[in-house]
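To keep things clear, I will list the structure first and then write my remarks on it.
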Ligand SMILES: C[S@@+](CC[C@H](N)C(=O)[O-])C[C@H]1O[C@@H](n2cnc3c(N)ncnc32)[C@H](O)[C@@H]1O
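In full-length UniProt numbering, the protein residues as written are 1 to 273.
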């Protein structure tokens, strides 16, 4: 069972995975990012550099921001910002009027504030970080024009609650853009738990794409697009691990689980009706 902190009554991710320095995960993740990466700009084969690794993580953020898309007047909410490295990308490259980035763990929010100290000063109130859960967002109804999330919703047990909370804080016509991994079928759940300890521990949930679509529809979202982007995620993440000494690490099973058709990485967008 996860030994999570709680926020709004929801048990959340194991803080031993996300609260500390994550030294054990370096160099799997670099640049204060904690995502598998969208390796669309990296060479398809052969060696990879640290710059490739960081760009892949940044590119997941570029992907979700383009799918919103971001307009200069937009007020945006990020869910599960981690250490705020991607928040920096969205704020500086896409220029929304306002961006509030949230994470359920206070420790992550503190690191995000520390890493973005200069930008926070420059932004003068247009950028902020706050503690908030994907299923309990501390904002009034209709507060945002757009909501995005990179590799956080895999931790959420109740995807219906996430969809409902997203619909609540978005104005009518507001946009949602999410990227992360989801199971391809209900039957995949036990097999994912056999291969990947974070599923076995309940840290990652085997939510299916059908459940995500039903949750979004049920919360009143329309124009739902769910696109597999796994072709540009799993192989090169695995290659990166292989190039960096993770020979016997369980994380090498992620590619195996994808290749076996158990789960995939998705870019999902929708409009709040
Ligand atoms: C894999 S990390 C991704 C962080 C960041 N988005 C990135 O790409 O670098 C997942 C993040 O989601 C946060 N998280 C887990 N459960 C959450 C929840 N229920 N609501 C909001 N954030 C959550 C974790 O604390 C962690 O910072």
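For glycine and all other residues, C-beta sits at the position ideal for the given N, C-alpha and C.
All values reported here derive from a predicted model rather than from experimental measurement.
On the criterion of 16 or more Cβ atoms from any shown chain inside 10 Å, does residue i qualify as buried, or is it exposed?
i: residue 106; result: exposed
i: residue 274; result: Outside the displayed span of the chain (1 to 273) sits residue 274, for which this structure offers no information.
i: residue 166; result: buried
i: residue 163; result: buried
i: residue 92; result: exposed
i: residue 21; result: Since pLDDT at residue 21 reaches only 49, below the 50 mark, its modelled position is unreliable, and the value read off the structure follows with that caveat. Exposed, by the Cβ-count rule.
i: residue 269; result: buried
i: residue 108; result: buried
i: residue 83; result: buried
i: residue 256; result: exposed
i: residue 133; result: buried
i: residue 267; result: buried
i: residue 66; result: exposed
i: residue 208; result: buried
i: residue 225; result: exposed
i: residue 26; result: exposed
i: residue 223; result: exposed
Per DSSP, what kind of secondary structure is residue i in: helix, strand or coil?
i: residue 204; result: coil
i: residue 139; result: coil
i: residue 101; result: strand
i: residue 185; result: coil
i: residue 258; result: helix
i: residue 248; result: coil
i: residue 219; result: coil
i: residue 5; result: For residue 5, the predicted structure reports a pLDDT of 36, less than 50, and the residue's modelled location is therefore unreliable. A value from the coordinates is still provided. The answer is coil: DSSP assigns residue 5 none of H, G, I, E or B.
i: residue 193; result: helix
i: residue 28; result: coil
i: residue 264; result: strand
i: residue 233; result: coil
i: residue 273; result: coil
i: residue 70; result: coil
i: residue 213; result: helix
Given the structure, does residue i come close to ligand 1, in the sense that its CB is under 7 Å from one of the ligand's heavy atoms?
i: residue 26; result: no
i: residue 182; result: no
i: residue 35; result: yes
i: residue 58; result: no
i: residue 119; result: no
i: residue 262; result: no
i: residue 147; result: no
i: residue 135; result: yes
i: residue 115; result: no
i: residue 108; result: yes
i: residue 155; result: yes
i: residue 76; result: no
i: residue 128; result: no
i: residue 68; result: no
i: residue 82; result: yes
Step through the CB atoms of chain B and report whether any lies within less than 8 Å of the CB of residue i.
i: residue 231; result: Among the protein chains of the structure shown there is no chain B, as only one such chain exists.
May I have a chain-ordered list of the alpha helix (DSSP H) segments no shorter than 4 residues that lie completely inside the region 30-68?
50-67
Kindly provide the ranges of any beta strand (DSSP E) runs that are 3 or more residues long and lie completely inside the UniProt domain "Methyltransferase type 11" (77-177), ordered along the chain.
Qualifying beta strand (DSSP E) stretches, in chain order: 98-103, 127-131, 144-150.
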